[in-house]
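**Student:**
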Amino acid sequence: MREEILFSEEKIAQRVKELGKEIENDFEDGFVIISLLRGSFIFAADLVRNINKKVEIDFLTTSSYENEECSSGDVKFLSNLRTDIRGRDVLIVDDILDTGNTLKCVKDKLISMNPKSIKSVVMLNKPSRRQVDIDADYVGFTIDDLFIVGYGLNYGDFYRNIPYIYSYIED
């Protein structure tokens, strides 16, 4: 097996900059960014540095993979928001939209908190694995059904620190 880089550090940086501008144009000042931990922390940090608007940042910790390559489909909330989002515009930031279970559960939970609006952005979209009817409003890259790591995406507790996104390919 060999490592195959799908998205280089430079390509990721360029796309995150583009996403930041799209989001900046679509939102008013004073919106809330909610990063889903732990996978999206690197993406969220890079993204907010590319948005020149007044934003508040909060975090939700969810879990559905539990050190496996595939989502269990059972989304657990391991933390709660500290920010009151009632009547406010919200942007959910996640690393990957795979089965859709996490994003749907998070969105449903946030809707119950009565925000003005909710949009979502994901670094990676894997539509071939979708189990629920949900799409992100903004997508960095769309990929095939590959197991990928790097740029916040992990396997077990490792590889989040790799500055590019890669997969293992059998020779």
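In terms of the numbering used here, the sequence shown is residues 2 to 172. C-beta: ideal position from N, C-alpha, C; glycine also.
If distances are taken between C-alpha atoms only, which option among ARG161, ALA137, LYS108 and GLN15 comes closest to LEU82?
**Tutor:** The residue with the shortest Cα to Cα distance from LEU82 is LYS108.
**Student:** For ILE144, does the three-state DSSP call read helix, strand or coil?
**Tutor:** If DSSP states are grouped into helix, strand and coil, ILE144 belongs with coil.
**Student:** Using the Cα positions of VAL33 and ASP145, report the straight-line distance between them to the nearest angstrom.
**Tutor:** Roughly 31 Å between the two C-alpha positions.
**Student:** What did DSSP end up calling ASP138 once you bin it into helix, strand or coil?
**Tutor:** Coil.
**Student:** Spatial neighbours of ILE163 within its chain, please: CB distance less than 6 Å, with the 5 preceding and 5 following residues excluded, ordered by chain position.
**Tutor:** For ILE163, where only same-chain residues beyond five positions count, the Cβ hits under 6 Å are GLY151.
**Student:** Do you know how far the Cα of ILE6 is from the Cα of SER36?
**Tutor:** Distance between the alpha carbons of SER36 and ILE6: 25 Å.
**Student:** Is it buried or exposed for MET124, if we count other Cβ within 10 angstroms and need 16 for buried?
**Tutor:** Buried: at least 16 other Cβ atoms inside 10 Å.
**Student:** Please tell me whether ILE52 and GLY21 are closer than 8 Å, where the distance is taken between their beta carbons.
**Tutor:** In this structure, GLY21 lies closer than 8 Å to ILE52 by Cβ.
**Student:** Where do the ends of the beta strand (DSSP E) carrying PHE159 lie?
**Tutor:** Segment: none, PHE159 is in no beta strand (DSSP E) and carries neither H nor E.
**Student:** Suppose you measure from the CA of PRO116 to the CA of ILE93; what does that come to, to the nearest Å?
**Tutor:** If I take the Cα positions, the gap works out to 12 Å.
**Student:** Got a sec, what are the start and stop residues for the alpha helix (DSSP H) ASP107 sits in?
**Tutor:** For clarity, residue 107 is Val in the given sequence; the question names Asp instead. Looking at the DSSP string, the run of the alpha helix (DSSP H) that includes VAL107 is 102-112.
**Student:** DSSP state of ASN68, grouped into three classes?
**Tutor:** Caution is warranted here: a pLDDT of 46 is assigned to ASN68, below 50, making its placement in the model unreliable, and the coordinate value is therefore given only provisionally. Coil.
**Student:** Considering only DSSP beta bridges, list what GLU4 is partnered with.
**Tutor:** GLU4 pairs with TYR169.
**Student:** Between ILE170 and MET2, how many whole angstroms is the CB-CB distance? I'm expecting something under 8 Å.
**Tutor:** 7 Å between Cβ atoms; contact.
**Student:** Whole angstroms are fine: how far does the CA of LEU61 sit from the CA of ASP75?
**Tutor:** Their Cα atoms are separated by approximately 16 Å.
**Student:** Considering only their Cβ atoms, is the gap separating SER121 from CYS138 smaller than 8 Å?
**Tutor:** The sequence shown places Asp at residue 138, not Cys. Closer than 8 Å, so yes.
**Student:** Determine whether the beta carbon atoms of ASP47 and VAL17 lie at a separation below 8 Å.
**Tutor:** Against a cut-off of 8 Å, the Cβ pair of VAL17 and ASP47 comes out as a contact.
**Student:** Considering Cα atoms alone, identify which of THR100, THR103 and THR63 is closest to ARG39.
**Tutor:** That would be THR63, whose Cα lies nearest to the Cα of ARG39.
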